[in-house]
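Numbering (my numbering), first residue to last: 3 to 280. The structure under discussion appears below in the form of structure tokens.
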Amino acid sequence: MPLTKVMITVKSYPTLSSHYDEQLSIAGFRDDGTFIRIYPISFSQKIYEEQYQLYDWIEINLERNPRDFRLESFRPVDPEQPVKKLGHVGAGNYWQERKALVQKHVYRNLENLLMEAKHEAFYTSLAVFKPQRILSLDITPAEKEWDSERLAKMQQEKYYPHVFMQEEEPMDAFKKLPFRFSFRFLDDSNKEISLPVEDFQLASHYWKLLKKQQGPDKEAKAASELRKKYLQEYVRNTDLHFFLGTTQNVHASAKQPFTIIGLFHPVVLPAVVQGSLF
């Protein structure tokens, strides 16, 4: 396969799963508007946080991942080859250049997307989704540390040596979020849906807000500030879309395998923003 240009729109935040490599992946759009994921990627926290910026164009030699039945899944032909950055897509003119790629195919009904996800002709596992209305950003407490037994088990799996090229241990580099975040929303059939958020950008915002807090309840304060930030800045003041994705190990078995892996929030004129949440 020739070198592939990809505009990065998603960086996942690591979670424990039976397909560990997939939890350190990037996703984005080729110049024809098709949505693809790339994993495994050569790991280090610095590279992951700083080199791969959202809406950068990169160039990389990719091939279909033969271990994954989902058609959107690709892997680097040579994981050690540096990724070439070609430029950055700016947010000018109300995100016009970004929207030209991202909004070529937008889902508005979750049941229709699930039908595609389960159909062998598609196995759709990445999607741009436009909620009809956002109801809330729910935040619930979670375990504060990675499960040491599950982590040790995954380190023995066959994929592990091909994923982490650095000496740095990934779960030491990435702190575990002490909360679970979920958006509740309506789709175009007015069905109420709740989907978890597993997005690097949200996690990064949380850790930055936590540094500003004081006292024994600083984690709860940071979570509350995060909710306020997302509801004010994204829900009320942008044309919010979700990037949805599945993980390979639950795609076929789970009734609803999608999570929110990123947000697309183009700026809009005040007359067309969502307005009140309730």
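Beta carbons are placed, not taken as given, at the ideal position from N, Cα and C, and that holds for glycine. Every value quoted in this text rests on a predicted model; they were computed, and no experiment measured them.
Nonlocal neighbours in the same chain, by C-beta distance under 7 Å from residue i, ignoring five residues either side
| i | result |
| --- | --- |
| Leu228 | His207, Tyr208 and Leu211 |
| Ile60 | Val8, Ile10, Val85, Lys86, Lys87 and Leu88 |
| Phe202 | Lys13, Ser14 and Tyr15 |
| Gln258 | Leu116 |
Outcome for residue i when other beta-carbon atoms lying within 10 angstroms are tallied against a minimum of 16
| i | result |
| --- | --- |
| Ser191 | exposed |
| Arg72 | buried |
| Glu1 | Within the shown structure, residues of the chain are numbered from 3 to 280, placing residue 1 beyond reach of any answer. |
| Leu271 | exposed |
| Ala205 | buried |
| Pro133 | buried |
| Ser27 | buried |
| Asp58 | buried |
| Pro78 | buried |
| Tyr15 | buried |
| Ala144 | exposed |
| Leu5 | exposed |
| Thr248 | buried |
| His253 | buried |
| Ala29 | buried |
| Ala123 | exposed |
| Ala256 | exposed |
Proximal residues to residue i (C-beta, below 6 Å), its chain only, five neighbours per side dropped
| i | result |
| --- | --- |
| Glu99 | Val91 |
| Asp70 | Gln250 |
| Ala129 | Tyr109, Leu115 and Leu246 |
| Asn63 | Leu5 and Val79 |
| Gln215 | Lys223 and Ala224 |
Cutoff 8 Å; reference residue i; Cβ partners in own chain excluding five residues on either side
| i | result |
| --- | --- |
| Ser75 | Ile38, Arg39, Tyr41, Arg66, Asn67, Ser127 and Gln250 |
| Ala296 | The question about residue 296 has no answer, for the chain in this structure spans 3 to 280. |
Backbone secondary structure at residue i - three-state DSSP
| i | result |
| --- | --- |
| Val8 | strand |
| Val252 | helix |
Contact under 8 Å by Cβ, residue i with residue j
| i | j | result |
| --- | --- | --- |
| Asn266 | Val85 | The displayed chain sequence assigns Phe, not Asn, to residue 266. Cβ atoms of Phe266 and Val85: not closer than 8 Å. |
| Leu242 | Phe260 | no |
| Val12 | Ile195 | no |
| Leu139 | Tyr232 | yes |
| Phe131 | Leu116 | no |
| Tyr178 | Lys223 | The sequence shown places Lys at residue 178, rather than the Tyr named in the question. Not in contact: Lys178 and Lys223 (Cβ atoms no closer than 8 Å). |
| Tyr96 | Val269 | yes |
| Asp189 | Asn239 | no |
| Leu197 | Phe185 | yes |
| Gly35 | Lys101 | no |
| Phe187 | Ile141 | no |
Chain B within 8 Å of residue i, Cβ atoms only
| i | result |
| --- | --- |
| Val79 | Among the chains of the structure shown, chain B does not appear; only one protein chain is present. |
> What alpha helix (DSSP H) runs, 4 residues minimum, are completely inside the segment 60 to 148?
Replying inline: 94 to 104 and 112 to 120
> In the segment 188 to 245, which residue ranges form an unbroken alpha helix (DSSP H) of at least 4 residues, counting only runs that do not cross its ends?
Replying inline: As for any alpha helix (DSSP H) of minimum length 4 sitting wholly inside the segment 188 to 245, the runs are 202 to 213 and 220 to 231, ordered along the chain.
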